[in-house]
Amino acid sequence: MLVYILRRLAQSLFVVGAMMVIVFFGVYLIGNPIDILISPDASLQEIEDTKIRFGFDRPIHVQFLQFVGNAAQGDLGRSFVHGESAVKLILHYMPATLELATLGLVFAIALGLPLGVYAGYRAEQWQGKAIMTGTIFGFSLPNFWVGMLFILFFSVYLQWLPSTGRGETVEILGIHLSVFAPGGLKYMLLPALTLALYKASLVARLARAGTQEALMQDYVKFARAKGVSESRILFVHVLKNILIPIVAVLGLELGSMIAFAVVTETVFAWPGMGKLLIDSITKLDRPVIVAYLMMTVLVFVTINLVVDLLYTWLDPRVRLAGETS
Amino acid sequence: MNPSRKIFWFLMASLLLWVSALQAKELRIGLAAEPSSVDPHFHNLGPNNQLWKTIFDPLVGTDDQQRVYPRLATSWRAVTPTSWEFKLRTGVKFSNGSTFDAYDIIYTVCRIPVVKDSPSRFTTYTKAAIRFDVPDPHTLIVHTSSPYPLLPVDFSTFAIISAKANSVDGKSIKFTPDGCGALKYPESAEFNDGRAAVGTGPYLLESFRRGEDIRLKRNPNHWGQAPQNETVIMKSLTADGPRVAALFAGDVDLIESPPLQDLARIKANKNMKVVQGISNRIIYIHMASGMNPAPGLAGTGGKNPLADVRVREALSIAINRDAIVSRIMGGVAIAAGELLPAGMFGAHPVGQMKPPVFDIDRAKRLLTEAGYPQGFGITLGTPNDRYINDAQVAQAVAQMWARIGIKVQVDAMTSATFFSRRNKQEFGVYLAGWGSGTGEMSSPLKALLATPDKKTGFGATNPTGYSNKALDDNLTQALQTVDDAAREELLRKTSRIGMSDWAIIPLHFEVTPWAMNSKFSMSPRVDQHTLPAEVSFAKK
Chain V
116 MLVYILRRLA QSLFVVGAMM VIVFFGVYLI GNPIDILISP DASLQEIEDT KIRFGFDRPI
176 HVQFLQFVGN AAQGDLGRSF VHGESAVKLI LHYMPATLEL ATLGLVFAIA LGLPLGVYAG
236 YRAEQWQGKA IMTGTIFGFS LPNFWVGMLF ILFFSVYLQW LPSTGRGETV EILGIHLSVF
296 APGGLKYMLL PALTLALYKA SLVARLARAG TQEALMQDYV KFARAKGVSE SRILFVHVLK
356 NILIPIVAVL GLELGSMIAF AVVTETVFAW PGMGKLLIDS ITKLDRPVIV AYLMMTVLVF
416 VTINLVVDLL YTWLDPRVRL AGETS
Chain G
986 MNPSRKIFWF LMASLLLWVS ALQAKELRIG LAAEPSSVDP HFHNLGPNNQ LWKTIFDPLV
1046 GTDDQQRVYP RLATSWRAVT PTSWEFKLRT GVKFSNGSTF DAYDIIYTVC RIPVVKDSPS
1106 RFTTYTKAAI RFDVPDPHTL IVHTSSPYPL LPVDFSTFAI ISAKANSVDG KSIKFTPDGC
1166 GALKYPESAE FNDGRAAVGT GPYLLESFRR GEDIRLKRNP NHWGQAPQNE TVIMKSLTAD
1226 GPRVAALFAG DVDLIESPPL QDLARIKANK NMKVVQGISN RIIYIHMASG MNPAPGLAGT
1286 GGKNPLADVR VREALSIAIN RDAIVSRIMG GVAIAAGELL PAGMFGAHPV GQMKPPVFDI
1346 DRAKRLLTEA GYPQGFGITL GTPNDRYIND AQVAQAVAQM WARIGIKVQV DAMTSATFFS
1406 RRNKQEFGVY LAGWGSGTGE MSSPLKALLA TPDKKTGFGA TNPTGYSNKA LDDNLTQALQ
1466 TVDDAAREEL LRKTSRIGMS DWAIIPLHFE VTPWAMNSKF SMSPRVDQHT LPAEVSFAKK
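Protein chains in written order, with the working numbering: chain V, 116 to 440; chain G, 986 to 1525.
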């Protein structure tokens, strides 16, 4: 197991390095951030001084080597726009995204799993078909559009929920979270639901397929013959067996939700990392872009690792194979 | 009704009144662009500047027409051609309780060139000052190396911070243009968390949550008129759709830059209104008339047709500005004949310097005379996310030019790419905008048309090779003329020189809209700033 984790880490280090090179040179090719950041009133001399101050006058490979040197010491540089450490900036935005993605995931599971299992159970009846038709909508409706409709209906028309932004936050272990704040949750409902819709459909489809297959297995027939109640069969025996592929997929989806909740965050003006990334790209804030993408790689690698571990825990066959080898 | 019930209803009623009174005094603004810092000297940028103007004060204020008026200074005059005397307001207190005096200004000017990691410092406006004299704590004399009429305007662009609040004894500061020695200055981060956000402005900073909102509360000890709104929340709503939705949902009371396509819908709502006013921003087309060969031209036989004044005129009069204003800008723009709208300093009065008359036949004749009867090819560079409908305007211009035989390819791109390429002189012809930071005609003339020169600071945004000695000379003279009337006349003359040489194609002035709940009112500012202190309750 240890060898496995180490190998995983080595792989991810390579990915992080490659990402660093691609992003650094890619952003350099787009343009010089000073051209956008400096006040139009600045004189040629001031523009030049500023470029020198930020080190943009040096050749790109020198800039890159210096960046790598600093990165090796854990310093990913300061944001050109905000003047703060890029890592600190990302960490500032991270809790908002994490809590939104987590709540989205909870919604996705809470909605998708029961619906999917039920749809698998009633695959040939109208209930099952209706749920499956519903998931097609969940898949195909674009995120931003659903978000806008939610705002239109719940915020503008009914005025039940706030349209945008993040509400009150409470500090828990030094992290500002709004899930636990009294006025914070209502700000999260719409964006989390928007995020969850696609994933819920995914979960429902996986759960349905799994359930259909599992229902034909011998152990279900035995259980039925034994007189176990249908609901116990479905939600205990079947559910356990169909969870493995769902957990694997959800793990990946959580990663993508954290890294690419950009669209939802933009529609709801949610102050998460996605918003930071978009703003940084438009302003060519290279340190933040590089740090963000490196962190994304890290998140994906970590989640994959956790998923693999969960996998072994959930599936005795994998677990036992691991123990004997 | 029994007594206890009476009391209950009385309490309920008073509670309601109290709640509604509370709500009425809060103003929630949806910002279109977020300030990058609360530090007033960190980044010379629109969103940052409008924020510091609510927490801090400049020495000289600028009103909605960008005309100067007394703020921390009560009066100013040129004592000699190279020195200005400012009389300072007495009894002004910073929010930490320390008294404002002349040394705070020197301390501020000392800090501006040394702000760490600043992507755009305010040195542009402080570098003219070479020496300060303080005859008494409320009089400041600023010396410049040459006659410098723009000093009061320059001193309207930066916030005054307190020396004492940063435990610096003002009297001990030794000012030189190269630095003030080792003084203790606050870090930008200290402004963001509120510790150093000590100002004299109408509001106090409560909190700055990056990406979320900025909370302000009224400064009870502000020296001037108290603003009507007790608390202000500025929410960062940078995407257009969510910003408008937040207004409709009642989550904010006022939004900046509502998208043009939504204006009609907002106006149709009886609880909302749109306020709009002309801005100091000109949208123009620049031509590489002084480069040979000019990039992005085709079918010219190696020559640069833009060097010919007839070609430049033809390009300008082939554009139907009224059509652009009414069809593409939805009427929210004003056709331009020079680089600053009428009414601002150095611009011609209404009726003079009208937009060039749209005349296709004459444009064709001019092209033929210049030796291009078949026209030629142009690549027109433009940003597509910087100005209102920028890429669409460029498309319209391309079609208008096609009618006189010019084959135009529009090269639209995101502003990050555009400005880098523009500064590398990669465009033969490009569309861009210029807002006059000082509110004077000298600003666009100096940046866009004057010959680039590092020493004088001229031509910082003139990547076209255009150079006109008469224009440079007149501008130089204007910038050294302290007498306002004479300077304005010189600036007008300089503008005429540039316009009659068709050095640049002015298209239109942007009009800035704001959308708000009808409860509120504000007068639009030409500098496009949203200042909460200037938002008041609408008179019923």
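Where a beta carbon is used, it is the ideal one built from N, C-alpha and C, also for glycine.
Computed from a predicted structure; not experimentally measured.
Cross-strand partners of residue i (DSSP beta bridge)
| i | result |
| --- | --- |
| D1438/G | F1443/G |
| I287/V | I290/V |
| H352/V | In DSSP, H352/V forms no bridge with anything. |
| I1490/G | I1270/G |
| L1239/G | I1014/G, M1501/G |
| G1418/G | I1268/G |
| Y1188/G | R1203/G |
| Y426/V | Per DSSP, none; premise fails for Y426/V. |
| V1045/G | P1055/G |
| E1495/G | A1318/G |
| V261/V | Beta-bridge pairing links V261/V to no other residue. |
Residue i at chain V interface by Cβ criterion, 9 Å
| i | result |
| --- | --- |
| W1037/G | no |
| E1019/G | yes |
| P1437/G | yes |
| W1419/G | yes |
| G1281/G | no |
| P1134/G | no |
| L1007/G | In this predicted model, L1007/G has a pLDDT of only 48, less than 50, meaning its place in the structure is not dependable; the value taken from the coordinates is given anyway. No, its Cβ sits nowhere closer than 9 Å to a Cβ of chain V. |
| R1510/G | no |
| N1256/G | no |
| L1030/G | yes |
| A1321/G | no |
| S1105/G | yes |
| F1233/G | yes |
| N1265/G | no |
| T1093/G | no |
| F1404/G | yes |
| P1243/G | no |
| E1197/G | yes |
Nearest-angstrom Cα separation, counted from residue j out to residue i
| i | j | result |
| --- | --- | --- |
| D1089/G | L1291/G | 51 Å |
| Y1170/G | N1151/G | 7 Å |
| C1165/G | S200/V | 28 Å |
| A1500/G | L1222/G | 14 Å |
| G219/V | E380/V | 12 Å |
| L1007/G | G1328/G | Any reading at L1007/G is ruled out, since the residue's pLDDT is 48, under 50, leaving its predicted position unreliable. |
| G370/V | F1160/G | 55 Å |
| A1308/G | L288/V | 60 Å |
| A1379/G | P155/V | 21 Å |
| I348/V | L429/V | 18 Å |
| W1037/G | T1142/G | 10 Å |
| A1383/G | K1392/G | 8 Å |
| A1470/G | G170/V | 44 Å |
Contact with chain G by residue i, beta-carbon distance below 9 Å
| i | result |
| --- | --- |
| T165/V | yes |
| Y208/V | yes |
| I175/V | no |
| E214/V | no |
| L204/V | yes |
| E100/V | Since the first residue of chain V shown is 116 and the last is 440, residue 100/V is not available in this structure. |
| M263/V | yes |
| L391/V | yes |
### Message
Does the segment 1012-1020 of chain G come into contact with the segment 1230-1243 of chain G, if we say contact requires no fewer than three beta-carbon pairs (one atom in each stretch) closer than 8 Å?
### Response
Touching, yes, given that three or more Cβ pairs across the two stretches are closer than 8 Å.
### Task
Would you be able to state if there are at least three C-beta pairs under 8 Å between the segment 303-323 of chain V and the segment 348-363 of chain V?
By the Cβ criterion, the segment 348-363 of chain V is in contact with the segment 303-323 of chain V, since at least three pairs of Cβ atoms, one from each stretch, lie closer than 8 Å.
### Query
What are the complete beta strand (DSSP E) segments, minimum 3 residues, inside the segment 1257-1340 of chain G?
For the segment 1257-1340 of chain G, whole beta strand (DSSP E) runs of length 3 or above, ordered along the chain, are 1257-1272, 1318-1320.
### Query
Do the segment 1332-1348 of chain G and the segment 1298-1314 of chain G make contact, defined as three or more Cβ pairs closer than 8 Å?
These segments touch.
### Task
Report the residue ranges of all alpha helix (DSSP H) runs contained in full by the segment 331-391 of chain V; include only those spanning at least 4 residues, in chain order.
Within the segment 331-391 of chain V, the complete alpha helix (DSSP H) runs of at least 4 residues are 333-341, 354-374, 377-382.
### Task
Decide if the segment 294-303 of chain V is in contact with the segment 228-240 of chain V; the criterion is three or more beta carbon pairs, one per stretch, under 8 Å apart.
No, they do not touch.
### Task
Flag this pair as touching only if the segment 249-269 of chain V and the segment 375-395 of chain V have three or more C-beta atom pairs under 8 Å; answer yes or no.
Yes, the segment 249-269 of chain V is in contact with the segment 375-395 of chain V.
### Query
What are the uninterrupted segments assigned as beta strand (DSSP E) that are 3 or more residues long and contained completely in the segment 1207-1238 of chain G, given in chain order?
Listed in chain order, the complete beta strand (DSSP E) runs (minimum 3 residues) inside the segment 1207-1238 of chain G are 1216-1221.
### Message
Quick check on the DSSP output: what are the complete beta strand (DSSP E) runs of length 3 or more inside the segment 1117-1144 of chain G, in order along the chain?
### Response
With a minimum length of 3 residues, the continuous beta strand (DSSP E) runs that stay inside the segment 1117-1144 of chain G are 1124-1129.
### Query
What are the start and end residues of each continuous beta strand (DSSP E) run of 3 or more residues lying completely inside the segment 1064-1116 of chain G, in chain order?
Listed in chain order, the complete beta strand (DSSP E) runs (minimum 3 residues) inside the segment 1064-1116 of chain G are 1068-1073.
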